[in-house]
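These notes are about the structure you will find just below.
Put into structure tokens, the structure is as follows:
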């Protein structure tokens with residue numbers, strides 16, 4: 001048994017404990033005063049009954065049990081009362097006075113003239129006995145109170161250590177996030193900014209209309225990437241910073257705007273839910289949004305001008321997101337073939353696995369399909385909401401890059 005056990009275990013009901021202590025005190029009175037019983041018994045019985053109020057009025061209960069010592073040999077009630085005084089949070093001088101009252105009450109007979117009839121040996125023996133009756137419960141009460149205080153202190157120290165460990169872990173995480181934010185700001189944001197600047201310069205200086213259009217698209221994508229990076233940096237730097245207002249994360253309700261701006265001949269459909277009226281858990285919606293975003297990016301890169309269908313549907317126990325494109329209508333031009341290393345698909349799989357879901361990316365007929373399954377805690381109700389977004393730019397979904 002550890003020192004924390006008295007603090008952690010479920011406490012015994014106080015009123016039941018007091019009632020159980022009254023029983024031996026009453027038995028003490030009954031055994032010391034057999035029938036016919038006179039006022040000595042009733043004084044001792046009353047001293048036993050007042051123990052029910054010992055927790056609330058420890059000093060008063062001690063004083064009310066002392067007559068039992070003078071009325072006879074009822075010792076249990078005063079011993080319990082002085083133990084309660086010693087265990088409570090009373091001043092030390094009051095505990096000493098309580099012990100002295102029990103010693104004196106147990107030593108002095110009633111009437112006091114009986115002392116003259118006792119021998120010195122009997123008086124000495126009686127004094128030793130009375131001292132043990134008074135100091136024994138006090139010592140036990142002090143021991144129990146000290147143990148409880150020590151247990152509470154140990155519990156507080158353990159809680160403090162746990163709090164320090166949590167703070168240290170939070171500090172390490174915050175430092176790591178700050179380091180990642182610095183790297184993203186210094187490296188990725190810088191390079192994306194250069195892309196935006198170079199694309200803007202090309203858009204202004206070129207005489208080729210198609211090159212000007214592609215440069216404008218490249219600049220818009222670079223600017224959007226910078227905005228996303230700034231949002232991520234704000235989230236990383238705000239970790240542990242209290243009520244900092246963070247940039248809102250994308251949700252399913254943002255998919256129509258994403259599909260419309262993707263420069264892909266895509267159609268978006270919702271079946272079984274309306275994200276604007278009844279949103280799903282935020283991590284689920286964010287993972288679905290990122291999956292559609294990555295798939296449309298790959299359509300634009302690898303399957304130009306392919307017809308694409310984006311479906312978001314509620315199944316009985318999961319959310320299903322599919323992005324299916326047909327065959328590309330033309331071969332990808334060198335400008336469309338942006339570098340990729342399958343990192344997007346890896347990130348999507350990790351995100352889905354964290355939510356207990358899975359993702360599949362594979363050829364489908366003449367095209368390609370990306371499908372995401374994410375479990376839901378419950379099936380949300382709501383009517384199907386269909387929206388469409390078609391553009392004349394290239395479309396498709398190819399390998400993730």
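In the UniProt record's numbering, the protein residues as written are 1 to 401. Using N, Cα and C, we set each Cβ at its ideal position, and we do this for glycine too. The structure presented is a predicted model; accordingly, all values stated were derived computationally and were not measured.
Rounded straight-line distance, which links the Cα of residue 138 to that of residue 15: What you label residue 15 is simply residue 15 of the chain shown in a count that begins at 1. What you label residue 138 is simply residue 138 of the chain shown in a count that begins at 1. The straight-line gap from Cα to Cα measures roughly 22 angstroms.
Helix, strand or coil at residue 30 according to DSSP, with G and I counted as helix: Here residue 30 is taken as the residue at index 30 of the chain shown, counted from 1. Of the three classes helix, strand and coil, the one that applies to residue 30 here is helix, per DSSP.
Short Cβ contact (7 angstroms threshold) for residue 196 with residue 223: Stepping through the chain shown from its first residue, residue 196 is reached at position 196. Stepping through the chain shown from its first residue, residue 223 is reached at position 223. Yes, they are a contact pair.
Residue burial classification, residue 19 (beta-carbon count within 10 angstroms, cutoff 16): For the purposes of this step, residue 19 is taken as the residue at position 19 of the chain shown. Classification of residue 19: exposed, given that the 10 Å Cβ count is below 16.
For residue 308, the residue or residues it bridges with in DSSP: Reading the chain shown from its first residue, position 308 is the one you call residue 308. Note: residue 308 sits in a beta bridge opposite 266 and 325.
Reference residue 360; option with closest CA among 371, 289 and 292: In the chain shown, residue 360 corresponds to position 360, counting from 1. That would be 371, whose Cα lies nearest to the Cα of residue 360.
Spatially closest choice to residue 358 from 369, 375, 365 and 366, by CA coordinates: By one-based count along the chain shown, residue 358 stands at place 358. Of the candidates 369, 375, 365 and 366, the one whose C-alpha sits nearest the C-alpha of residue 358 is 375.
Segment contact, 8 angstroms Cβ cut-off, at least three pairs: the segment 24-43 with the segment 92-106: no
Under the three-state DSSP convention, the category residue 125 falls into: Looking up residue 125 in the chain shown gives position 125. In the structure shown, residue 125 sits in a helix (DSSP, three-state: H, G or I).
Alpha helix (DSSP H) segment containing residue 103, residue limits: Position 103 of the chain shown, counted from the first residue, corresponds to residue 103. Its alpha helix (DSSP H) spans residues 92-107.
Cα-Cα separation, residue 288 to residue 163: Position 288 of the chain shown holds residue 288. Position 163 of the chain shown holds residue 163. One C-alpha to the other measures close to 36 angstroms.
Where residue 118 sits in the DSSP three-state scheme: As a working mapping, residue 118 is identified with position 118 in the chain shown. The answer is coil: DSSP assigns residue 118 none of H, G, I, E or B.
First through last residue of the alpha helix (DSSP H) which encompasses residue 367: Within the chain shown, residue 367 is the residue found at index 367, counting from 1. Note, residue 367: premise wrong, no alpha helix (DSSP H); beta strand (DSSP E) at 367-375.
Meets three-Cβ-pair contact criterion under 8 angstroms: the segment 270-279 and the segment 252-259: yes
For residue 363, the three-state DSSP class (helix, strand or coil): Counting from one through the chain shown, the residue named residue 363 turns up at place 363. Looking at residue 363 - three-state DSSP - the assignment turns out to be strand.
Contact set for residue 369: own chain, Cβ-Cβ below 6 angstroms, skip 5 residues either direction: Taking the chain shown and counting its residues from 1, one reaches residue 369 at position 369. Result list for residue 369: 324, in chain order.
Residues of its chain near residue 17, where Cβ-Cβ distance is below 6 angstroms and the 5 sequence neighbours each way are ignored: Against the chain shown, residue 17 aligns to sequence position 17. For residue 17, where only same-chain residues beyond five positions count, there are no Cβ hits under 6 angstroms.
Beta carbon of residue 130 nearer than 7 angstroms to that of residue 103: For the purposes of this step, residue 130 is identified with residue 130 of the chain shown, where counting begins at 1. For the purposes of this step, residue 103 is identified with residue 103 of the chain shown, where counting begins at 1. It is a contact, given that the beta carbons lie within the stated cut-off.
Bounding residues of the alpha helix (DSSP H) (the contiguous stretch that carries residue 357): Locating residue 357 in the chain shown gives position 357, counting from the first residue. Here residue 357 belongs to no alpha helix (DSSP H), and DSSP marks it neither H nor E.
Straight-line gap, residue 47 to residue 98 (C-alpha atoms, nearest Å): Position 47 of the chain shown, counting from 1, holds the residue named residue 47. Position 98 of the chain shown, counting from 1, holds the residue named residue 98. Distance between the alpha carbons of residue 47 and residue 98: 16 angstroms.
Rounded C-alpha distance that separates residue 52 from residue 80: Counting from one through the chain shown, the residue named residue 52 turns up at place 52. Counting from one through the chain shown, the residue named residue 80 turns up at place 80. Distance between residue 52 and residue 80, taken at the CA atoms: about 11 angstroms.
Unbroken alpha helix (DSSP H) run spanning residue 259, endpoints: Residue numbering aside, residue 259 sits at position 259 when the chain shown is read from its first letter. Residue 259: member of the alpha helix (DSSP H) spanning 255-260, first to last residue.
Alpha helix (DSSP H) segment containing residue 206, residue limits: Within the chain shown, the letter at position 206 stands for residue 206. First-last for residue 206: undefined, no H or E at that position.
For residue 402, three-class secondary structure by DSSP: As shown, the chain starts at 1 and ends at 401. That puts residue 402 outside it, with no answer to give.
Local Cβ density within 10 Å of residue 50, reported as buried at 16 or more and exposed below that: Your numbering for residue 50 matches position 50 in the chain shown. Counting the other CB atoms within 10 Å of its CB gives residue 50 a total of 16 or more, which places it among the buried residues.
Spatial distance of residue 300 from residue 229 (CA atoms): On the chain shown, residue 300 is found 300 positions in, with the first residue counted as 1. On the chain shown, residue 229 is found 229 positions in, with the first residue counted as 1. Roughly 21 angstroms between the two C-alpha positions.
Cα-Cα separation, residue 36 to residue 125: Reading the chain shown from its first residue, position 36 is the one you call residue 36. Reading the chain shown from its first residue, position 125 is the one you call residue 125. One C-alpha to the other measures close to 30 angstroms.
Residue 282, buried or exposed, once every other Cβ within 10 Å from all chains shown has been counted against 16: Taking the chain shown and counting its residues from 1, one reaches residue 282 at position 282. When all chains shown are included, residue 282 counts as exposed.
Separation of residue 170 from residue 148, as counted between CA atoms: Here residue 148 refers to the residue found at position 148 of the chain shown. Here residue 170 refers to the residue found at position 170 of the chain shown. If you take the alpha carbons of residue 148 and residue 170, they lie about 33 angstroms apart.
Nearest-angstrom Cα separation, counted from residue 59 out to residue 133: Counted from its first residue, the chain shown places residue 133 at position 133. Counted from its first residue, the chain shown places residue 59 at position 59. In a straight line, the C-alpha of residue 133 is about 18 angstroms away from that of residue 59.
As assigned by DSSP and simplified to three states, the class of residue 315: Residue 315 sits at position 315 when you count from the first residue of the chain shown. Under the three-state reduction of DSSP, residue 315 is assigned to coil, being neither helix nor strand.
Assigned secondary structure, residue 320 (DSSP; H/G/I helix, E/B strand, else coil): Counted from its first residue, the chain shown places residue 320 at position 320. Note: residue 320 maps to strand in three-state DSSP.
Alpha-carbon spacing of residue 279 relative to residue 348, whole angstroms: Here residue 279 is taken as the residue at index 279 of the chain shown, counted from 1. Here residue 348 is taken as the residue at index 348 of the chain shown, counted from 1. Each residue's Cα considered, the two are about 21 angstroms apart.
Counted within 10 angstroms of its Cβ, other Cβ atoms place residue 168 as buried (16 or more) or exposed: Here residue 168 refers to the residue found at position 168 when the chain shown is read from its first residue. Exposed.
Assigned exposure category for residue 233 - 16 Cβ within 10 Å defines buried: Position 233 of the chain shown, counted from the start, is the residue given in the question as residue 233. Counting Cβ neighbours within 10 Å, residue 233 comes out buried, since at least 16 surround it.
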